[in-house]
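Numbering (our numbering), first residue to last: 890 to 1129. To start, the structure under review is shown below, and the notes come after it.
Pasting the structure below:
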């Protein structure tokens, strides 16, 4: 997939967004050049010149077989050009085809040729929202947030349910923590729903009628029952 930016100023923002898109193993910022060896050599030099490395390799891929030069010729020609330019610049580098510190990659698809020297790792996993909707019981800790993030990487689109009490003092409610967690997780799936459920009155009723040894179990059961209703309303497939 090739994404073209109208304004290079948007490049840093685009890179940061792509870093958080599940399903992307890696991506690169590429130069598009004319389909001839001289243009490929000059573009390759512009890519590798700013980088720091002691060994390199050139790897070419020719999906458009109408390009007259084969892969081996491209790699040898560009590699020889880079060695000459690097040595002329006083840089002690060597060619290492097995374990290079830097790999200059050249792709010849239909249309302009592509040249790049750095691959940026993505998060991997499955594309967002391909695994259906799920609901996450979001506490104020990190365990539930990590569980939600792991399911996002497997393609699930998460909605969040947070149960909150009144807090010992004004301002101590966990709502702001839940909102901040959802705000942090949302870039991984672009949009999110957060259901905030006041739980203090339910807790009071449980304390009033249930023995102390059963209260925690009842709290969790009631939370799950409420989450089930929200999951049905949201057409969710599972609760995390």
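C-beta atoms are modelled at their ideal positions from N, C-alpha and C, and glycine is treated no differently.
Listed in chain order, the non-local C-beta contacts of residue 909 below 7 Å within the same chain comprise 1012, 1076, 1077, local neighbours out to five positions each way being set aside. Excluding its 5 nearest sequence neighbours in each direction, residue 1115 has C-beta neighbours in its own chain below 7 Å: 1086, listed in chain order.
According to DSSP, residue 1025 shares a beta bridge with 1049. Look at residue 963 here: in three-state DSSP terms it is helix. Judged by beta-carbon spacing, residue 950 lies beyond the 9 Å limit of residue 1009, meaning their Cβ atoms are not closer than that value.
By the Cβ-count criterion, residue 1096 is exposed, with fewer than 16 other Cβ atoms from all chains shown falling within 10 Å of its own Cβ. Minimum Cα-Cα distance from residue 1084 among the listed residues 979, 969, 1106, 1050 corresponds to 1050. Counting only runs of at least 3 residues, the stretch 1059 to 1102 fully encloses the following beta strand (DSSP E) elements, listed from N- to C-terminal order: 1083 to 1087.
In the DSSP assignment, residue 941 falls outside any beta strand (DSSP E) and carries neither an H nor an E. Judged by pairs of C-beta atoms under 8 Å, the stretch 943 to 963 does not touch the stretch 1034 to 1043, as fewer than three such pairs exist. Taking all protein chains in view, the Cβ of residue 901 is surrounded by fewer than 16 other Cβ atoms within 10 Å, so the residue is classified as exposed. Comparing alpha carbon positions, the residue from 1069, 1032, 923 closest to residue 997 is 923.
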